[in-house]
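**Student:**
Numbering (this note's numbering), first residue to last: 654 to 1194.
1) Cutting at 7 Å between CB atoms, please list the residues of its own chain near residue 986, excluding the five before and the five after it.
2) Return the CA-CA distance between residue 1182 and residue 1100, expressed in angstroms with no decimal places.
3) Among all the DSSP beta bridges, which residues are the ones paired with residue 835?
4) Got a sec, what are the start and stop residues for the alpha helix (DSSP H) residue 1136 sits in?
5) Just to confirm my understanding: we take residue 911, look at its own chain, exclude 5 residues before and 5 after, and list those with CB closer than 7 Å. What are they?
6) Mind pulling the alpha helix (DSSP H) runs of 4 or more residues that sit fully within the segment 901-975?
7) Give me the Cα-Cα distance between residue 913 and residue 859, rounded to the nearest whole angstrom.
8) Tell me, which residues are paired with residue 1167 by DSSP?
9) Assign residue 736 to one of three DSSP states: helix, strand, or coil.
10) Taking C-beta to C-beta, are residue 836 and residue 822 nearer than 8 Å?
11) Considering residue 1181, what are the terminal residues of the alpha helix (DSSP H) in which it resides?
12) Here's a check: name, in chain order, each residue in its chain whose Cβ is nearer than 6 Å to the Cβ of residue 1024, leaving out the five neighbours to either side.
13) Helix, strand or coil, according to DSSP, for residue 1123 in the structure here?
14) Tell whether a beta-carbon distance below 8 Å holds between residue 863 and residue 893.
15) Considering only the beta carbon of each residue, do residue 923 and residue 975 sit closer than 8 Å?
16) Let's test the definition: count the other Cβ atoms within 10 Å of the Cβ of residue 598 and tell me whether it reaches 16, buried, or not, exposed.
17) Determine the extent of the alpha helix (DSSP H) in which residue 818 is found, giving its start and end residues.
18) According to DSSP, simplified to helix, strand and coil, what is residue 615?
19) I need the DSSP call for residue 1156, collapsed to helix, strand or coil.
20) Cutting at 7 Å between CB atoms, please list the residues of its own chain near residue 799, excluding the five before and the five after it.
21) With three or more beta-carbon pairs closer than 8 Å as the criterion, would you say the segment 806-818 touches the segment 1140-1159?
22) Between the segment 1047-1067 and the segment 1100-1120, do three or more beta carbon pairs fall short of 8 Å?
23) Return the residue from the list 1123, 1135, 1098 that minimises the CA-CA distance to residue 1114.
24) Along the chain, where does the beta strand (DSSP E) containing residue 877 start, and where does it finish?
25) Going by DSSP, which residues form a beta bridge with residue 1188?
26) Compute the Euclidean distance between the alpha carbons of residue 920 and residue 1088, then round it to the nearest angstrom.
27) If you measure between the beta carbons of residue 995 and residue 1031, is that distance less than 8 Å?
28) Just how far apart, CA to CA, sit residue 928 and residue 777?
29) Return the residue from the list 982, 978, 983 that minimises the CA-CA distance to residue 992.
30) For residue 826 and residue 1165, what's the separation of their Cα atoms in angstroms?
31) Just the Cα atoms here: how many angstroms apart are residue 1105 and residue 1154?
32) Under 8 Å, do residue 935 and residue 926 count as touching if we go by C-beta distance?
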């Protein structure tokens, strides 16, 4: 069980609420400021303003002689053609208007393009990332502790429902250090509107390190430090299954995308367990079905070419932790795993995983991976030793066919899904550090953006545009990350929904970020005033 923050975050959040009882402040209205014009340009505007009764009359200043009619259309056009070579300075409000149009065009092209045309779609979505903001009042959610001796509890993992990722109700499951899971509705609301009632589940009494929704969003799986996983019905708030098969902390879980009864878990004992909820089980005293794994892959990330270290009374070799699992798209019988000791990914064919029976002549051998990554990308950037992969996410849309892995070398590595071969394009920032195995990685539903947390002392979330990672051939420009600041402590779990991003920090807070160009414009123009109501994105330089 991870230690809680040494100091209570009560003082940090004492003056923050999820809603404000005071009426909302009126937003400032910014009108476009016309550029300075010559007397001739004023004459032209005066002529245009007098044409048609339906047009609004423009207020212009006439020259001292008042001789407007002496100028001809031909002279006006010549004068304007000559002025095209001069440098024209746009007012800040005109630049923001252009930025809004750029973001709108990017949204429109993403919405109209099919997944098959994503790779040929040459449009930058970076302006959308730069417009992410978070309200101090309505986008902050506290992870309230059930213990009377503490106020908040640190969140360890979070996951949006499948419906939230496709534009439905944004239900966010947040797993905490106390073994609870809090279901929070993160819909956008007004400052005077209260937070909707949240559902609190208690599947464990120890820390929960991963939480995942099943395909139907009717149940969730939780992985805990008590060496077990639990299946909980969200609608009934009842634990239905207990999964017991690991000898240490269960680190990660993944649902089979084609069957709600099948899932896989990985733990610190280096084991991958495959489960079938339809399997026969025994009932516990409280009516929970206790299951055993269908298949056990022991020492999943041990090197099969090296002899296994012998155990002794003085020295017991540490198992290689399984850190993340994904079911690859297009491979209904496949499973990809990552480990804590190197950047090698392994692909498992679930149809060939048969544990041999013991016999007098031969000892049972663990199942072997179908294939693995040919090289370790964590050793290709000046590192003297291998570093583990913390989290895996699968590409979609423009990044389909790729796997992204957050490495402990503070880099996001890219793999080809078909062969697990590391790709030359990676993503990193000098300010981004991932020194612990609790920093999360998440891909947006559109497949264009990656979000990852960071270890202390940098309390930030970093956003990367990864659209170009799926393009073959040619030089692809990698832009600097967009940084989200506004929380304290390590930013661990992150997850995307349609139109928003949730980030969890050690200060017991969950913050939601949304793209809003108009608010971002106000924050840039008057940051001293905006800091009392908003956090906004910053570009890493």
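No residue lacks a Cβ here, since even glycine has one placed at the ideal position from N, Cα and C.
**Tutor:** Quick look at the numbers:
1) 1002, 1003, 1004
2) 35 Å
3) 827, 853
4) No alpha helix (DSSP H) holds residue 1136; the beta strand (DSSP E) holding it covers 1135-1138.
5) 985
6) none
7) 25 Å
8) 786
9) At residue 736 the pLDDT is 42, less than 50, meaning the model places this residue with poor confidence; the figure from the coordinates comes in the next sentence. Note: residue 736 maps to helix in three-state DSSP.
10) no
11) 1180-1183
12) 1000
13) helix
14) no
15) yes
16) Nothing in the structure corresponds to residue 598, since the chain is present only between 654 and 1194.
17) 815-818
18) The chain is shown from 654 up to 1194; residue 615 falls before or after that span and cannot be answered.
19) strand
20) 831, 833
21) yes
22) yes
23) 1135
24) 872-877
25) 787
26) 19 Å
27) yes
28) 42 Å
29) 978
30) 13 Å
31) 11 Å
32) no
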